[in-house]
Every structure is written in structure tokens, then in C-alpha cells.
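Residue numbers (UniProt numbering): 1 to 313.
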């Protein structure tokens with residue numbers, strides 16, 4: 001067994017080799033034998049949760065952590081106690097002490113750290129909506145950035161690169177990651193683009209006004225119940241016709257529609273003419289050519305006069 005390598009003296013090694021379970025490498029038998037010969041295990045409790053409260057409370061009474069060196073010393077002591085408490089099952093996880101860790105900072109710094117965690121969406125919520133403690137690594141990152149910013153000699157850090165790195169880390173915690181900042185900057189409208197958009201809108205509005213004014217008729221007739229109200233704006237009555245009447249293609253007279261002219265319907269019933277859409281045909285099937293100076297009825301009458309009509313039965 002490898003345990004013999006950790007025994008310092010030859011005398012103790014001989015005692016170990018003589019114990020039950022050593023030769024067979026059976027730890028369950030060897031361990032009780034070692035306890036019986038060399039004494040009971042030390043059950044002294046080194047730390048409790050009160051030690052964390054006392055450690056952070058002592059610094060809070062002094063006004064809170066002020067320098068990076070104080071922060072590193074505090075973090076080392078707090079982490080050592082926290083590891084012991086978790087190992088001995090006094091706490092379940094490091095997150096259980098996250099808020100206690102922050103009490104060593106000033107009230108202003110605590111508010112800044114929590115604000116940074118909120119902006120980073122690092123404050124989880126429980127199923128019932130209650131706040132859960134943030135992850136330990138998130139708390140450490142936000143706390144370190146805060147203490148570096150608040151340290152009195154922050155602006156005098158030697159080396160531009162180191163100063164810029166520390167400041168950028170603090171800004172990342174306060175404002176979010178780079179992608180989020182870039183998206184926010186893209187969403188901010190450019191001043192020149194905004195001014196151009198305003199000018200374009202003004203031109204469009206002016207164009208619409210001019211178009212609307214040009215489309216309004218000057219002598220638009222008003223609706224009314226009688227002829228006296230037809231021209232109620234005081235303008236003189238037009239001398240000519242308001243519209244050009246359409247003539248009937250069948251007889252070249254006004255006042256009726258070509259396809260509803262009674263004489264045309266009568267001639268169709270008598271078989272003197274046949275209409276197909278806009279075209280007219282004689283009984284022989286010959287299409288009557290269109291002539292704007294000659295009514296269709298004239299051709300029908302001429303052709304019917306040539307053909308003797310059969311007397312009705």
C-alpha cells in the first residue's frame with residue numbers, strides 16, 4: 001500500500017505493517033487499527049458561518065474595502081473559510097455566501113455591484129419569482145472591477161495598457177458585453193441621417209399640399225334639390241354643354257342607347273338584321289361595314305326594300 005510512503009520513521013512503519021489489513025490492502029480493516037493504536041480523529045471544528053459574518057462585518061465597520069490589496073486579502077480569508085464550511089457540509093455551495101461576501105464593501109459599492117449583476121442578467125429568479133443568489137464567479141468578477149475603479153490611486157496606475165485594461169474590464173461589467181454595446185450604438189440614429197430624414201419628410205408634406213391644391217376644381221357644382229342650386233357658388237352658368245352626348249349607332253339619333261333602341265330590337269325580331277356583339281349582319285350573312293356618316297338602319301332599310309317581304313300567315 002502507498003500509505004507506507006507517508007510514514008516518517010521506521011518505528012511507525014513497522015507498527016503500520018503489523019496492523020490487520022495492511023498486507024491484504026483492506027482499508028476498512030486497517031483504518032480502525034490505526035485509530036486504535038495512534039489515537040482518535042481530531043473532531044475540532046475550525047470554522048462556522050459566524051466566522052464569515054465576523055470577517056465581513058469587521059471591514060464594513062471601517063467603511064468597507066478601499067484598496068485592491070485589502071480586497072485580495074479579504075477574498076483569500078473568506079474563500080478559505082467558505083471552502084471549509086462547504087467541505088464539512090455547513091453550506092451547500094459558494095453561492096450561499098455571495099451576499100455575505102458583499103457586505104464588506106461600502107453601501108455605494110454594494111449598489112454598484114448589484115447594478116452590474118442586473119445589467120448582465122446575472123441575478124437569477126426562482127420559480128416563484130423570488131431572487132436567488134448570484135453565482136460566485138459572477139460576484140467575484142463584479143466585485144473586483146468595482147474595487148479597482150473605487151481605489152484612490154486608480155487614475156495613477158503605471159502603464160497605459162494596464163490602466164486601459166482595468167478600466168475596460170470595469171466598463172464591461174457596468175455596461176454589458178461588447179456585442180450588446182455595439183448593438184445599442186447601432187440603434188442610436190446618426191444626427192446627420194436624422195436631419196436628412198426630417199428634411200425629406202418636410203418635402204413630402206409640401207408636395208402633398210401642392211398636389212391636393214392643384215386637384216381641387218375651381219367651379220365644382222354643388223349638390224342640391226333643384227336647378228337653382230346647381231351653380232350655387234355665384235359663378236356664371238356655362239354657355240356650352242357640360243358633356244358630349246353619344247349618338248345611337250343604329251339610327252344616329254341622341255337620347256337612347258344603341259342596344260336598347262326599340263326599332264333595332266324590332267328589326268332583329270323581324271329578321272331584318274342580326275347583331276353579334278358590336279357587329280351587325282344582314283340576313284344574307286354579310287357584315288354591315290362601319291361608317292360613321294351612315295346609320296346602320298339605313299343599310300337595313302335599303303336591303304329590306306330590295307327583298308320582297310312574305311305576308312304573315
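Ideal Cβ placement from N, Cα and C applies to all residues, glycine included. Since the structure is predicted, the reported quantities are computational estimates derived from the model, not experimental observations.
Q. Do residue 109 and residue 146 have their CB atoms nearer than 9 Å?
A. Position 109 of the chain shown holds residue 109. Position 146 of the chain shown holds residue 146. The answer is yes: Cβ separation under 9 Å.
(Q) In whole angstroms, give me the CA-to-CA distance for residue 27 and residue 73. (A) Within the chain shown, numbered from 1, the residue matching residue 27 stands at position 27. Within the chain shown, numbered from 1, the residue matching residue 73 stands at position 73. Straight-line Cα distance between these residues: approximately 40 Å.
Q: For the alpha helix (DSSP H) containing residue 280, list its first residue and its last residue.
A: The count along the chain shown starts at 1 and reaches residue 280 at position 280. No alpha helix (DSSP H) contains residue 280, which is instead part of the beta strand (DSSP E) from 279-281.
Q. Quick one: what's residue 125 bridged to in DSSP?
A. Against the chain shown, residue 125 aligns to sequence position 125. For residue 125, which the question treats as bridged, DSSP gives the partners 131.
(Q) With distance defined between alpha-carbon atoms, name the residue in 269, 288, 135 and 284 nearest to residue 278. (A) Locating residue 278 in the chain shown gives position 278, counting from the first residue. Comparing Cα positions, the closest option is 288.
Q | Cβ pair residue 85, residue 52 closer than 9 Å | A | On the chain shown, position 85 is the one that residue 85 refers to. On the chain shown, position 52 is the one that residue 52 refers to. Cβ atoms of residue 85 and residue 52: closer than 9 Å.
(Q) Going by DSSP in three states, residue 247 sits in which element: helix, strand or coil? (A) Residue numbering aside, residue 247 sits at position 247 when the chain shown is read from its first letter. Here residue 247 sits in strand by DSSP.
(Q) If you follow the beta strand (DSSP E) that residue 274 is in, where does it begin and where does it stop? (A) For the purposes of this step, residue 274 is taken as residue 274 along the chain shown, with counting starting at 1. Residues 274-276.
Q.
Does residue 287 come out as helix, strand or coil in the three-state DSSP assignment?
A. To locate residue 287, count along the chain shown from 1; it is residue 287. Strand at residue 287.
Q. Do you know whose CA, among 306, 91 and 60, lies nearest residue 103's CA?
A. As a first step, residue 103 is located in the chain shown; it is residue number 103 there, counting from the start. It is 60 whose Cα lies nearest to the Cα of residue 103.
Q. Ordered along the chain, which non-local residues of its own chain (more than five positions away) have a Cβ less than 7 Å from that of residue 256?
A. Position 256 of the chain shown, counted from the start, is the residue given in the question as residue 256. Counting only Cβ-Cβ distances below 7 Å, and skipping sequence neighbours, we find 248.
Q: Mark residue 131 as exposed unless 16 or more other C-beta atoms lie within 10 angstroms of its C-beta, in which case mark it buried.
A: In the chain shown, residue 131 corresponds to position 131, counting from 1. Its Cβ having fewer than 16 others within 10 Å, residue 131 is exposed.
Q. For the candidate residues 70, 212, 133 and 266, whose alpha-carbon lies nearest to that of residue 297?
A. As a first step, residue 297 is located in the chain shown; it is residue number 297 there, counting from the start. Nearest of 70, 212, 133 and 266 to residue 297, Cα basis: 266.
Q: Assign residue 113 to one of two classes, buried (16 or more other C-beta atoms within 10 Å of its C-beta) or exposed (fewer than that).
A: Counted from its first residue, the chain shown places residue 113 at position 113. So residue 113 ends up on the buried side.
Q) If you drop the 5 nearest sequence neighbours on each side, which residues of the same chain put their C-beta closer than 7 Å to that of residue 65? A) Along the chain shown, read from residue 1 onward, the residue named residue 65 stands at position 65. Here the set comprises 59, 71, 74, 104, 105 and 147.
Q: Please look up how many angstroms separate the CB atoms of residue 272 and residue 300, rounded, as I've assumed it's under 8 Å.
A: As a working mapping, residue 272 is identified with position 272 in the chain shown. As a working mapping, residue 300 is identified with position 300 in the chain shown. At roughly 5 Å, the Cβ-Cβ gap stays under 8 Å, so residue 272 and residue 300 are in contact.
**Q.** DSSP-derived helix/strand/coil call for residue 22
**A.** Taking the first residue of the chain shown as 1, we reach residue 22 at position 22. Here residue 22 sits in coil by DSSP.
Q: Over the uninterrupted alpha helix (DSSP H) stretch that includes residue 293, give me the two end residues.
A: For the purposes of this step, residue 293 is identified with residue 293 of the chain shown, where counting begins at 1. Taken as a continuous stretch (DSSP letters only), residue 293 belongs to no alpha helix (DSSP H), as it is neither H nor E.
Q: Let me know if residue 142 comes out buried or exposed under the rule of 16 or more other beta-carbons within 10 Å of its beta-carbon.
A: Taking the first residue of the chain shown as position 1, residue 142 is located at position 142. With 16 or more Cβ atoms within 10 Å of its Cβ, residue 142 is classed as buried.
Q.
Taking the alpha-carbon of residue 90 as reference, which of 207, 129 and 48 has the nearest alpha-carbon?
A. Against the chain shown, residue 90 aligns to sequence position 90. Closest option to residue 90, Cα to Cα, is 48.
Q | Coarse secondary structure for residue 88, derived from DSSP in three states | A | Looking up residue 88 in the chain shown gives position 88. Of the three classes helix, strand and coil, the one that applies to residue 88 here is coil, per DSSP.
Q: Just mark residue 134 as buried or exposed, buried being the case when its beta carbon has 16 or more other beta carbons within 10 Å.
A: Residue mapping note: residue 134 aligns to position 134 of the chain shown, counting from 1. Buried: at least 16 other Cβ atoms inside 10 Å.
Q: For the stretch 24-80, list the alpha helix (DSSP H) runs that are entirely contained and at least 4 residues long, ordered along the chain.
A: 27-38 and 49-61
**Q.** Alpha carbon of residue 193 to alpha carbon of residue 212, nearest angstrom
**A.** Taking the first residue of the chain shown as position 1, residue 193 is located at position 193. Taking the first residue of the chain shown as position 1, residue 212 is located at position 212. For residue 193 and residue 212, the distance between alpha carbons rounds to 29 Å.
(Q) Quick check: what's the CA-CA separation for residue 20 versus residue 10? (A) To locate residue 20, count along the chain shown from 1; it is residue 20. To locate residue 10, count along the chain shown from 1; it is residue 10. Roughly 18 Å separates the two Cα atoms.
Q. So residue 269 is in the alpha helix (DSSP H); what residue range does that whole segment cover?
A. As a first step, residue 269 must be located in the chain shown, where it is residue number 269. Residues 262-269.
Q | residue 33 to residue 25 span [Cα, whole Å] | A | In the chain shown, the residue the question calls residue 33 occupies position 33. In the chain shown, the residue the question calls residue 25 occupies position 25. About 13 Å.
Q. Pick from 268, 253, 77 and 307: whose alpha carbon is nearest that of residue 293?
A. Along the chain shown, one-based indexing puts residue 293 at 293. That would be 253, whose Cα lies nearest to the Cα of residue 293.
Q: Take residue 97 and list the residues in its own chain whose beta-carbon comes closer than 7 Å to its own, dropping the five residues that flank it on each side.
A: As a working mapping, residue 97 is identified with position 97 in the chain shown. Here the set comprises 52, 82 and 91.
Q | Euclidean distance between Cα positions of residue 14 and residue 79 | A | Along the chain shown, one-based indexing puts residue 14 at 14. Along the chain shown, one-based indexing puts residue 79 at 79. Their backbone Cα atoms lie some 40 Å apart in a straight line.
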